[in-house]
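Undergrad:
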Amino acid sequence: MSLFGGFKPSTPAALGTQTSALSTPATSTPSTLQQQQQQQQQQQQQQQQQQQQQQQQQQQEQQLTLAIQQGQAHLLTNNDPSRGGPQPAGFDTKFSELHPDSQKILTHIESKVLELRAESQRLGQSSRLQDVSQLADNAFERQAARVSQSLSHVA
């Protein structure tokens, strides 16, 4: 009687073909896994770079907004060697003559103005705000009438 309970092990030749058949996918799998890992790493690096670029852009926009709010944004013309470099922009300066940073400042201001104008128009058309405004006006008038009455009794 055998230790394997009647199980007869395969011949070594049969085992060899089985292991070679199994080893082929095993060797190709790591290379595809490595490729996938490399692709994932590349994608992660690209995403990180994009995030860093977005953060830098946001920081620049915040700095620009802050400079504009504090009145520290100065518009300059392009570098003109005959004039000794960039000069302060005047009323007669054309947009194309402005330094690229100054163009960015003006473009940013313009987009903010347009954004605020659209929001203002939207709020101006809001019936809810008009109702609240009318209620506030009515309450003010009633309060003014009471104060007026109180003052008339004092005099």
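Last residue of the sequence shown: number 1564 in our numbering, and the count goes up by one each step with no gaps. Cβ coordinates follow ideal geometry from the N, Cα and C atoms, glycine included.
1. Below 8 angstroms between beta carbons: does that hold for residue 1486 and residue 1517?
2. Taking only the alpha-carbon atoms, compute the straight-line gap between residue 1538 and residue 1482 and give it to the nearest angstrom.
3. Alpha carbon to alpha carbon, what distance is there between residue 1529 and residue 1565?
4. Check residue 1552 in the structure and name its three-state DSSP category.
5. For residue 1495, collect the residues of the same chain with a Cβ closer than 6 angstroms to its Cβ; drop the 5 residues on either side in sequence, then sort them by chain order.
6. Could you give the C-beta distance for residue 1504 and residue 1512, rounded to a whole number, given that I count them as a contact under 8 angstroms?
7. When you compare only the Cα positions, how much space is there between residue 1515 and residue 1458?
8. What ranges does the alpha helix (DSSP H) occupy inside the segment 1510 to 1542, keeping only unbroken runs of at least 4 residues that lie completely in it?
9. I need the straight-line Cα distance from residue 1497 to residue 1526, nearest angstrom please.
TA: Short version:
1. Reading the sequence shown from its first residue, position 77 is the one you call residue 1486. Reading the sequence shown from its first residue, position 108 is the one you call residue 1517. It is not a contact, given that the beta carbons lie outside the stated cut-off.
2. Here residue 1538 refers to the residue found at position 129 of the sequence shown. Here residue 1482 refers to the residue found at position 73 of the sequence shown. When rounded, the distance between both Cα atoms is 35 angstroms.
3. Since the first residue of the chain shown is 1410 and the last is 1564, residue 1565 is not available in this structure.
4. Numbered from its first residue, the sequence shown carries residue 1552 at position 143. Three-state result, residue 1552: helix.
5. Position 86 of the sequence shown, counted from the first residue, corresponds to residue 1495. For residue 1495, same chain residues with a beta-carbon under 6 angstroms away, outside a window of 5 residues either side, are 1485, 1486, 1488 and 1508 in chain order.
6. Start at 1 with the first residue of the sequence shown, and residue 1504 comes out as number 95. Start at 1 with the first residue of the sequence shown, and residue 1512 comes out as number 103. Rounded, the Cβ-Cβ distance is 7 angstroms, consistent with contact.
7. Reading the sequence shown from its first residue, position 106 is the one you call residue 1515. Reading the sequence shown from its first residue, position 49 is the one you call residue 1458. So the two alpha carbons sit approximately 28 angstroms from each other.
8. For the segment 1510 to 1542, not a single whole alpha helix (DSSP H) run of length 4 or above is found.
9. For the purposes of this step, residue 1497 is taken as residue 88 along the sequence shown, with counting starting at 1. For the purposes of this step, residue 1526 is taken as residue 117 along the sequence shown, with counting starting at 1. Taking C-alpha positions only, residue 1497 is separated from residue 1526 by approximately 29 angstroms.
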